[in-house]
Amino acid sequence: MSAASRDDLSICVGREDELRVLREALVGARDGHGTTVLLTGEDGIGKSRLVREAVESARGREMRVLLGRGSPVGPAVALRPLSEALASLFREPSDEGGGPDIGTLGPYRTALGRVVPDCTDRVVHGTGPQDSPVVLGESVLRLLSAAGAGSGSLLVLEDLHDADPATLAVVEYLADNIAAQGTVLLVTFRTGPGEPGDLARTLARRRAGTLLTLGGLSRAEVARLAASCLGLGVDGVPYDVVERLYRDSGGNPFVAEELLRTLVDTGGLVTGPQGCRLVAGVRCPVPAAVEHGIARRAARLGPEGHRLLSAAAVIGERFPVSVLRQAWGLSEAQLFARLRAAVTAGLVAAEDSAGEWYGFRGPLTAPALLARLTPADRAALARRSAEAVAELHPGLPGRWCPFAAELRLSAGDRSGAASLFATAGRRALSAGRISTAVEGLTRAWELLGEGDEPRVRADVLDELLVALAESGRIDRGLRLASALDELEGLGLAGGHVARLHARLAWLWHADGRPTAGLAHVHAGRCALGPEAEDRRTAALDAVEAQLTVHTDPPAAARLAAQATFRAERTGMPAVACRAWRVRGQLALRRGSQEASYCFTRMRSLAEAHELPLWRMHAMLQLAGQRWLVDGERDALLRVRRQARKVGARAVRTSADLMLALDHVLRGEYAQAQRLADAYRAREERPGLAGGDPHCLAAVRAVGAAHQGRREPLEELLNASLGTGAPPSPWASLAHGLGGVVRALLEEDRELARLTLKRAEADDAVRPAPYPLTGQYGLAVLLDALEADPDRLDAPDPGEAGRLRWNRQFVVLAEAVRLGRQGRGDEAADAVSKARAWAKPYPPAAHLGLRLVAEAAQRDGWGDPVLWLREAEQYFHQAGVGAVAGACRTLLRRAGAVVPHRSGANGQAVPHPLRLLGVTPREYEVLRLLADRLDNRTLAARLFISPRTVEKHVASLISKTDQSNRAALNAYAARLRQVDG
6 MSAASRDDLS ICVGREDELR VLREALVGAR DGHGTTVLLT GEDGIGKSRL
56 VREAVESARG REMRVLLGRG SPVGPAVALR PLSEALASLF REPSDEGGGP
106 DIGTLGPYRT ALGRVVPDCT DRVVHGTGPQ DSPVVLGESV LRLLSAAGAG
156 SGSLLVLEDL HDADPATLAV VEYLADNIAA QGTVLLVTFR TGPGEPGDLA
206 RTLARRRAGT LLTLGGLSRA EVARLAASCL GLGVDGVPYD VVERLYRDSG
256 GNPFVAEELL RTLVDTGGLV TGPQGCRLVA GVRCPVPAAV EHGIARRAAR
306 LGPEGHRLLS AAAVIGERFP VSVLRQAWGL SEAQLFARLR AAVTAGLVAA
356 EDSAGEWYGF RGPLTAPALL ARLTPADRAA LARRSAEAVA ELHPGLPGRW
406 CPFAAELRLS AGDRSGAASL FATAGRRALS AGRISTAVEG LTRAWELLGE
456 GDEPRVRADV LDELLVALAE SGRIDRGLRL ASALDELEGL GLAGGHVARL
506 HARLAWLWHA DGRPTAGLAH VHAGRCALGP EAEDRRTAAL DAVEAQLTVH
556 TDPPAAARLA AQATFRAERT GMPAVACRAW RVRGQLALRR GSQEASYCFT
606 RMRSLAEAHE LPLWRMHAML QLAGQRWLVD GERDALLRVR RQARKVGARA
656 VRTSADLMLA LDHVLRGEYA QAQRLADAYR AREERPGLAG GDPHCLAAVR
706 AVGAAHQGRR EPLEELLNAS LGTGAPPSPW ASLAHGLGGV VRALLEEDRE
756 LARLTLKRAE ADDAVRPAPY PLTGQYGLAV LLDALEADPD RLDAPDPGEA
806 GRLRWNRQFV VLAEAVRLGR QGRGDEAADA VSKARAWAKP YPPAAHLGLR
856 LVAEAAQRDG WGDPVLWLRE AEQYFHQAGV GAVAGACRTL LRRAGAVVPH
906 RSGANGQAVP HPLRLLGVTP REYEVLRLLA DRLDNRTLAA RLFISPRTVE
956 KHVASLISKT DQSNRAALNA YAARLRQVDG
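Residue numbers for the sequence shown follow our numbering, so the first one is 6 and each next one is one higher.
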């Protein structure tokens with residue numbers, strides 16, 4: 006591309022409608038019908054390209070072509086475009102095959118002498134009728150008629166924004182009277198206020214001309230332009246190339262071509278057989294031709310206007326006019342007069358109705374103006390603007406703080422800029438705007454260096470670590486740990502060192518590595534020494550409590566209580582909030598209402614001390630507790646929306662995982678999968694890490710178990726956590742909430758019992774975050790179902806039994822005991838209450854009906870047939886064949902009509918097996934044989950006798966042509982792998 010000429014590159018893209026209008030006008034001129042076409046648009050938009058197309062088309066039709074243009078160069082010359090166009094008729098040798106017969110012009114030759122001296126042999130003096138624009142216009146019209154006699158003519162007058170009033174008056178006359186002539190008048194001018202635009206709109210309104218306003222190209226048209234310039238197909242220009250050209254050019258074809266040329270010449274764009282691609286890291290300057298054009302337009306504004314625009318460019322793509330006015334001591338009238346001129350030149354535009362903010366037109370305008378400034382000029386202009394901002398906005402509230410920081414940085418004041426960025430970041434952090442806080446504090450930290458005071462650097466680092474933790478950028482925070490060693494070497498005070506160790510300990514906690522976090526706690530205590538004040542140790546107590554909450558709950562409770570006392574006594578509300586959160590989490594494990602007190606206290610502290618981030622954490626904890634107690638998830642959704650809005654990723658992640666678990670319990674598995682996948686996608690993004698992989702693994706495992714998937718829970722947990730991961734407090738929840746349900750869905754009560762014992766043992770060593778591990782709910786029901794008939798007492802599940810998920814099973818257990826005591830009406834009422842508690846959880850509700858119906862059928866109370874029909878219908882539709890089959894068996898025992906189903910597991914017998922004569926019941930047996938179960942276990946699962954199982958097995962061996970039972974088991978295992 007760099008070797009190609011500009012003519013080779015100048016193609017018309019996206020101008021099909023305009024070209025059609027021009028071609029129709031030329032065809033009409035050949036037939037003696039004249040037309041005026043007025044083309045307008047910004048510089049580079051393609052007016053000249055369309056003119057060239059019209060000229061080539063006219064010459065191809067052997068029409069006379071006359072070209073003239075206005076010019077800002079040199080002194081103003083009256084009628085310059087007309088003189089240039091008409092003079093070509095009298096040059097020798099003529100460019101168009103001989104001049105016109107001017108003898109036919111009669112007395113109008115004298116008037117034409119003002120434009121073309123060759124038209125008369127008289128010297129025109131003074132003024133007279135020949136000076137009238139009407140007479141002159143008629144003279145030009147007659148000359149054009151003579152010049153185009155028999156073939157028509159095209160008169161092109163370009164750049165009439167630079168033309169004099171006399172030229173415009175003649176153009177108006179020509180447009181009004183050209184219809185009967187075989188001439189096309191093609192006029193171009195730049196868009197903007199002024200006489201040419203007013204005249205064009207007037208002519209269009211009275212149908213004396215066709216006004217064509219050229220806009221920018223679309224993305225697709227920019228892609229076509231780039232492909233043509235590069236000699237490629239449109240598919241060979243990738244999206245990122247098109248997007249960059251479109252964004253930087255604003256759809257202006259001239260700018261897009263120049264950008265493309267510069268990208269190729271600088272190596273920023275390379276082409277090959279498969280197309281083109283951008284090269285990362287190659288800086289592409291503003292194209293020289295574009296820069297020159299913008300500078301030329303700015304220079305037309307005069308020295309003061311040009312200086313004002315340069316100062317605005319130093320401020321940025323958008324700039325407040327109040328700052329410019331203050332910086333340069335301008336009156337309002339002076340300021341807006343210069344801005345109006347810049348608007349007319351197409352360089353800037355107002356961006357709000359109040360006229361306070363203006364912006365540069367096009368993304369290259371400001372860079373082009375900056376390219377003409379020396380570094381010293383830029384610094385001086387930036388310094389002047391920064392001082393103006395400080396004068397106008399004392400204290401630099403809101404957005405003015407980072408605004409002034411950017412100006413200080415442009416002025417070369419790194420320390421001043423760092424201080425302002427830090428202030429802006431602190432304010433954002435205090436207001437709970439996490440993403441903004443990370444941005445400001447990161448800028449401040451990057452600007453600070455060895456020459457700055459260690460305490461100042463430590464303060465910025467401290468708050469940056471907090472912001473990174475809350476935004477989920479844990480890896481970035483941990484990479485800053487080396488800065489602490491550097492600061493310690495510079496003699497940073499022990500209190501500051503301990504505070505930074507506490508921050509890093511929290512980051513290690515968020516990353517799931519408590520051992521590394523405890524090492525920082527120990528280092529922080531060493532930095533403080535044995536006689537440290539409470540206000541110094543409270544933060545370390547709080548973080549140590551969080552780090553030991555799984556491994557040593559009693560120690561965590563003692564440290565958290567100590568931290569709340571010390572923090573509240575010494576006025577450290579943020580530390581107190583951290584400690585109250587730990588205390589609430591410990592209480593929540595027991596299902597205790599004490600958790601509500603802890604989280605409410607946390608929220609009160611946050612509100613009293615205006616700590617919006619900690620208030621959000623408190624609201625998350627209160628929403629989580631409400632979800633556990635009532636099954637209500639609306640509060641979690643509200644917290645999640647708020648966290649997403651402000652960029653509090655840590656809060657959002659916790660809410661997402663709780664909501665994913667809620668979806669699983671409700672049987673909304675697709676929604677749960679979407680949340681889990683979105684969480685994992687965020688974790689895999691560069692720069693983001695430090696979520697809770699243990700929780701995600703548990704949610705995935707519970708979801709798989711509730712859907713009856715047979716992958717071992719250990720494999721699911723290890724696949725998510727990786728081998729060598731530390732023991733997880735979520736393991737007991739995965740087994741007690743997931744594994745137990747899966748065993749019951751397989752009608753394997755013994756496996757359910759064993760899984761409950763394992764979950765209880767795990768929970769005793771590493772308590773789960775929530776008391777949903779089975780022993781407070783499902784275990785109570787299973788105990789009641791299998792208890793000695795003479796046993797009337799019931800284990801007390803405590804406060805955890807009042808959580809909604811557990812409560813449904815506890816109430817069902819009470820129903821079983823009441824029914825066994827002969828209190829049938831009370832038992833049936835208890836089932837109704839349990840169903841109300843189970844309403845949010847359809848899978849658990851129907852599993853409970855299946856379990857309690859068996860006891861009701863045995864003891865003669867309630868409506869077990871209705872309950873079994875409901876459960877059978879639900880699990881048949883869900884594809885849970887074992888439970889559906891058990892319900893049908895119990896219905897047969899009750900003498901009820903059993904619905905006919907087409908196959909086991911709610912599925913038809915596969916076609917190949919049907920061809921072998923395998924029945925639905927035999928298919929049920931075959932699927933269970935994949936687990937190599939004995940006849941007694943199979944009989945218990947299917948509620949048939951061992952003798953019946955033996956007959957089905959013998960029949961299957963014969964029908965499937967297997968040699969023995971071991972071969973049949975292997976055949977069943979292969980079938981399961983194929984069928985899933």
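For each residue, glycine too, the CB sits at the ideal point set by N, CA and C.
May I ask which residues mark the beginning and end of the alpha helix (DSSP H) holding Tyr113? Position 108 of the sequence shown holds residue 113. In this chain, the alpha helix (DSSP H) harbouring Tyr113 covers 113 to 117.
Taking one C-beta from the segment 316 to 331 and one from the segment 291 to 299 each time, how about it: are there three or more such pairs within less than 8 Å? no
Nearest-angstrom Cα separation, counted from Val326 out to Gly360: For the purposes of this step, residue 360 is identified with residue 355 of the sequence shown, where counting begins at 1. For the purposes of this step, residue 326 is identified with residue 321 of the sequence shown, where counting begins at 1. Here the alpha carbons of Val326 and Gly360 stand approximately 8 Å from one another.
DSSP state of Thr196, grouped into three classes? Here residue 196 refers to the residue found at position 191 of the sequence shown. Note: Thr196 maps to coil in three-state DSSP.
Assigned exposure category for Val669 - 16 Cβ within 10 Å defines buried: Walking along the sequence shown from the start, residue 669 turns up at place 664. Counting Cβ neighbours within 10 Å, Val669 comes out buried, since at least 16 surround it.
Is DSSP giving Tyr363 helix, strand or coil here? To locate residue 363, count along the sequence shown from 1; it is residue 358. In the three-state reduction of the DSSP assignment, Tyr363 falls in the strand class, which pools E and B.
Presumed contact (8 Å Cβ cut-off) between Leu505 and Ala463, rounded CB distance: Position 500 of the sequence shown, counted from the first residue, corresponds to residue 505. Position 458 of the sequence shown, counted from the first residue, corresponds to residue 463. By a beta-carbon distance limit of 8 Å, Leu505 contacts Ala463. Their separation comes to about 6 Å.
Would Thr428 pass as a contact of Ala205 if the rule is Cβ separation under 8 Å? As a first step, residue 428 is located in the sequence shown; it is residue number 423 there, counting from the start. As a first step, residue 205 is located in the sequence shown; it is residue number 200 there, counting from the start. Remark: C-beta atoms of Thr428 and Ala205 do not approach each other more closely than 8 Å.
Work out the CA separation of Asp240 and Leu268 for me, nearest whole Å. Position 263 of the sequence shown, counted from the first residue, corresponds to residue 268. Position 235 of the sequence shown, counted from the first residue, corresponds to residue 240. Whole-angstrom Cα-Cα distance: 19 Å.
Three-way DSSP call (helix, strand, coil) for Pro325 in this model: Within the sequence shown, the letter at position 320 stands for residue 325. Strand at Pro325.
Among Arg249, Pro278, Val275, Gly277, whose alpha-carbon lies nearest the alpha-carbon of Leu264? In the sequence shown, counting from the first residue as 1, residue 264 sits at position 259. For the residues Arg249, Pro278, Val275, Gly277, the minimum Cα distance to Leu264 belongs to Arg249.
At a cut of 8 Å, does the segment 876 to 896 reach the segment 818 to 837 through at least three beta carbon pairs? With the cut-off at 8 Å, the segment 876 to 896 and the segment 818 to 837 do not touch.
Tell me whether Gly19 sits in a helix, a strand or coil according to DSSP, three-state version. One-based indexing of the sequence shown puts residue 19 at position 14. The three-state secondary structure of Gly19, taken from DSSP, is coil.
Using the C-alpha atoms, what's the distance from Ala665 back to Arg919? Indexing the sequence shown from 1 puts residue 919 at position 914. Indexing the sequence shown from 1 puts residue 665 at position 660. When rounded, the distance between both Cα atoms is 40 Å.
Any idea what DSSP makes of Gly277, helix, strand or coil? The residue given as residue 277 occupies position 272 in the sequence shown. If DSSP states are grouped into helix, strand and coil, Gly277 belongs with the strands.
How big is the Cα-Cα spacing for Ala180 and Leu208? As a working mapping, residue 180 is identified with position 175 in the sequence shown. As a working mapping, residue 208 is identified with position 203 in the sequence shown. Those two C-alpha atoms are separated by around 8 Å.
What is the C-beta distance between Ala710 and Gly741, in whole angstroms, given that I count them as a contact (C-beta under 8 Å)? Within the sequence shown, numbered from 1, the residue matching residue 710 stands at position 705. Within the sequence shown, numbered from 1, the residue matching residue 741 stands at position 736. Contact flag wrong, Cβ pair sits at about 11 Å.
Is it right to say Tyr244 is buried, meaning 16 or more other beta carbons lie within 10 angstroms of its own, or is it exposed? By one-based count along the sequence shown, residue 244 stands at place 239. Flag for Tyr244 reads exposed.
Within 10 angstroms of the Cβ of Arg210, are there 16 or more other Cβ atoms? Answer buried if so, exposed if not. As a first step, residue 210 must be located in the sequence shown, where it is residue number 205. Taking all protein chains shown into account, Arg210 has fewer than 16 neighbouring C-beta atoms within 10 Å of its C-beta and is therefore exposed.
Residues that Val161 bridges to, as DSSP identifies them: Counting from 1 along the sequence shown, the entry for residue 161 is found at position 156. DSSP output for Val161 lists Leu72, Leu191 as bridge partner(s).
Where does Val923 sit, in a helix, a strand or coil, going by DSSP? Indexing the sequence shown from 1 puts residue 923 at position 918. Val923: coil per DSSP, three-state reduction.
Buried or exposed for Asp100, please, with buried defined as at least 16 other CB atoms from any protein chain shown within 10 angstroms of its CB. In the sequence shown, counting from the first residue as 1, residue 100 sits at position 95. Residue placement at Asp100 is flagged as unreliable, the pLDDT there being 46, under the threshold of 50; the coordinate-derived value follows with that caveat. Per the 10 Å Cβ criterion, exposed.
Could you compute how far the alpha carbon of Gly482 sits from the alpha carbon of Ala581? By 1-based counting over the sequence shown, the position of residue 482 is 477. By 1-based counting over the sequence shown, the position of residue 581 is 576. The straight-line gap from Cα to Cα measures roughly 23 Å.
Does DSSP classify Val353 as helix, strand or coil? Indexing the sequence shown from 1 puts residue 353 at position 348. Val353 falls in the strand class under three-state DSSP.
Are the beta-carbon atoms of Leu148 and Leu110 separated by less than 8 Å? Position 143 of the sequence shown holds residue 148. Position 105 of the sequence shown holds residue 110. Yes.
With distances taken between CB atoms, is the gap from Ala640 to Ala628 smaller than 8 Å? Taking the first residue of the sequence shown as position 1, residue 640 is located at position 635. Taking the first residue of the sequence shown as position 1, residue 628 is located at position 623. Yes, Cβ-Cβ distance for Ala640 and Ala628 is below 8 Å.
What are the start and end residues of each continuous alpha helix (DSSP H) run of 4 or more residues lying completely inside the segment 853 to 893, in chain order? 869 to 883
Report the three-state DSSP secondary structure of Arg828 (helix, strand or coil). Numbered from its first residue, the sequence shown carries residue 828 at position 823. Three-state result, Arg828: coil.
How about Ala507 and Leu545: are their beta carbons less than 8 Å apart? Here residue 507 is taken as the residue at index 502 of the sequence shown, counted from 1. Here residue 545 is taken as the residue at index 540 of the sequence shown, counted from 1. Their beta carbons are under 8 Å apart, which means Ala507 touches Leu545 by this criterion.
Backbone secondary structure at Leu664 - three-state DSSP: Here residue 664 is taken as the residue at index 659 of the sequence shown, counted from 1. The answer is helix: DSSP assigns Leu664 an H, G or I state.
In whole angstroms, what is the alpha-carbon distance linking Ala409 and Ala568? Along the sequence shown, one-based indexing puts residue 409 at 404. Along the sequence shown, one-based indexing puts residue 568 at 563. Rounded to the nearest angstrom, the two C-alpha atoms are 40 Å apart.
Cα-Cα separation, Gln878 to Gln279: Locating residue 878 in the sequence shown gives position 873, where the first residue counts as 1. Locating residue 279 in the sequence shown gives position 274, where the first residue counts as 1. Whole-angstrom Cα-Cα distance: 58 Å.
Less than 7 Å between C-beta atoms, sequence neighbours within five positions excluded: which residues of the same chain meet that for Ala503? Taking the first residue of the sequence shown as position 1, residue 503 is located at position 498. Closer than 7 Å at the Cβ level, and outside the excluded window around Ala503, lie Gly529, Ala532, Leu533, Arg541, Leu545.
Between the C-alpha atoms of Thr271 and Gly286, what's the straight-line distance to the nearest angstrom? In the sequence shown, counting from the first residue as 1, residue 271 sits at position 266. In the sequence shown, counting from the first residue as 1, residue 286 sits at position 281. Approximately 11 Å, taken between the alpha carbons.
Three-state secondary structure (DSSP) of Arg288: Translated into positions along the sequence shown, residue 288 becomes position 283. In the structure shown, Arg288 sits in coil (DSSP, three-state: anything other than H, G, I, E or B).
With DSSP run on the structure shown, which of helix, strand or coil describes Arg282? Sequence index remark: in the sequence shown, residue 282 carries index 277 (1-based). In the structure shown, Arg282 sits in a strand (DSSP, three-state: E or B).
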